[in-house]
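Each residue of the sequence shown is one higher than the last, beginning at 1 in the UniProt record's numbering.
Where a beta carbon is used, it is the ideal one built from N, C-alpha and C, also for glycine.
Since the model is a prediction, treat every value here as computed from it, not as a measurement.
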Amino acid sequence: MWEDRESIPTWMPWITSVTVQQNDPRISRWALSTRQFNRDWSFAWLAQNLTPVRNQKIHWRSVPGVKGTPYVANRGAIRFYQKSENSCAVKLTISYEVPDILAPFAGALTPVVEGILATDMRRFAALASRGEPQAVASR
Numbered sequence: 001m002w003e004d005r006e007s008i009p010t011w012m013p014w015i016t017s018v019t020v021q022q023n024d025p026r027i028s029r030w031a032l033s034t035r036q037f038n039r040d041w042s043f044a045w046l047a048q049n050l051t052p053v054r055n056q057k058i059h060w061r062s063v064p065g066v067k068g069t070p071y072v073a074n075r076g077a078i079r080f081y082q083k084s085e086n087s088c089a090v091k092l093t094i095s096y097e098v099p100d101i102l103a104p105f106a107g108a109l110t111p112v113v114e115g116i117l118a119t120d121m122r123r124f125a126a127l128a129s130r131g132e133p134q135a136v137a138s139r
């Protein structure tokens, strides 16, 4: 499910779109929209998928290249830990630089982002436990 980047907004609704680049499928354009601190925010970035470790890790780093919105430098990984033959634990790790426009909110930003991501991971777990990768992938 995580390898189908364009379906990620299914369980991460603050990610409004992920578009894999035709000329280089390792690169995808991500767009994020959210309403926080009584204001609408939109950000976009390009992410380069790094070489995955099969059945263990998918990871990425942002690369410059999106014009017109504040750049969000970030990197992250999804790690999979096998629990049994039919299940695994999933851990999401993201690090990011707070864009200058959000610097006044930096102290409040971390718990907001952590809360959103925790909700997104619960949504992902619910989809995965229902065995719906086809439904997610077909979006």
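Chain-order list of residues whose beta-carbon lies under 7 Å from that of residue i (same chain, five-residue window excluded)
i     : result
Val20 : Arg5, Glu6, Ser28
Cβ distance (whole Å) where residue i is taken to contact residue j below 8 Å
i      : j     : result
Ser58  : Trp2  : According to the sequence shown, residue 58 is Ile rather than Ser. With 8 Å as the limit, Ile58 and Trp2 qualify as a contact, their Cβ atoms being about 5 Å apart.
Val66  : Leu46 : 6 Å
Leu109 : Leu92 : The Cβ separation is near 17 Å, so there is no contact.
Arg75  : Ser62 : 7 Å
Pro25  : Thr16 : Not confirmed; about 20 Å, so no contact.
Enclosing beta strand (DSSP E) for residue i [first to last residue]
i     : result
Val72 : Segment: none, Val72 is in no beta strand (DSSP E) and carries neither H nor E.
Ile27 : 27-36
Arg5  : Premise fails: Arg5 is in no beta strand (DSSP E) and is neither H nor E.
Residue i versus the options, residue with shortest Cα-Cα distance
i     : options                    : result
Ala77 : Gln36, Thr69, Arg54, Thr34 : Arg54
Trp11 : Pro52, Ser129, Thr119      : Thr119
8 Å Cβ shell around residue i - same chain, five flanking residues per side excluded
i     : result
Asn23 : none
Beta-carbon contacts of residue i that lie in its chain and below 6 Å, excluding the five residues immediately before and after
i     : result
Gln82 : Cys88
Phe43 : Leu32, Thr69, Pro70, Val72
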